[in-house]
Every structure is written in structure tokens, then in C-alpha cells.
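Numbering (the working numbering), first residue to last: 863 to 931.
The beta carbon of each residue, even a glycine, is placed where N, CA and C say it ideally should be.
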């Protein structure tokens, strides 16, 4: 399936390895949020998960190696 990552959360409401369902609150964002997504281990543009066109202000740069593998 899809694996997502959230960096720079203000609060975290889940624990590592916990399964979550669509709509579950995983935390709250702080002043910034880095959101990443992988489908079957391959990085994808997370905007594609929202079903809407998202204005782009940058570009995605996949990262490999610890701790992102």
C-alpha cells in the first residue's frame, strides 16, 4: 500500500508501527510540515493523494538510505 511520513509535527498521536486508517488523526502540524509518500516502496508526489491540483512551490527530491529506507 501507501506509506506516509510526517516531519516537524507539533504533537504526535500515534506510536511507531501503529496502523492507522483514513481519517485517523496522527498529530498536529507545527510551523512547517514535511509530508512524504511512497506507494509499494517507490516515492510518489504526495499531492496525487489529495485528488486536487496543488500549486507547486518547489520540487520533490527522493531520499534514500538511513533513516528513510
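What span of residues does the beta strand (DSSP E) with residue i cover, start to end?
i, result
"residue 913", "Counting along the chain, residue 913 falls outside any beta strand (DSSP E), and DSSP gives it neither H nor E."
"residue 904", "904-906"
"residue 899", "889-901"
Mind checking whether residue i and residue j have CB atoms under 9 Å apart?
i, j, result
"residue 889", "residue 867", "no"
"residue 891", "residue 905", "no"
Could you compute how far the alpha carbon of residue i sits from the alpha carbon of residue j?
i, j, result
"residue 886", "residue 874", "12 Å"
"residue 864", "residue 902", "6 Å"
"residue 876", "residue 893", "20 Å"
"residue 908", "residue 914", "11 Å"
"residue 881", "residue 900", "16 Å"
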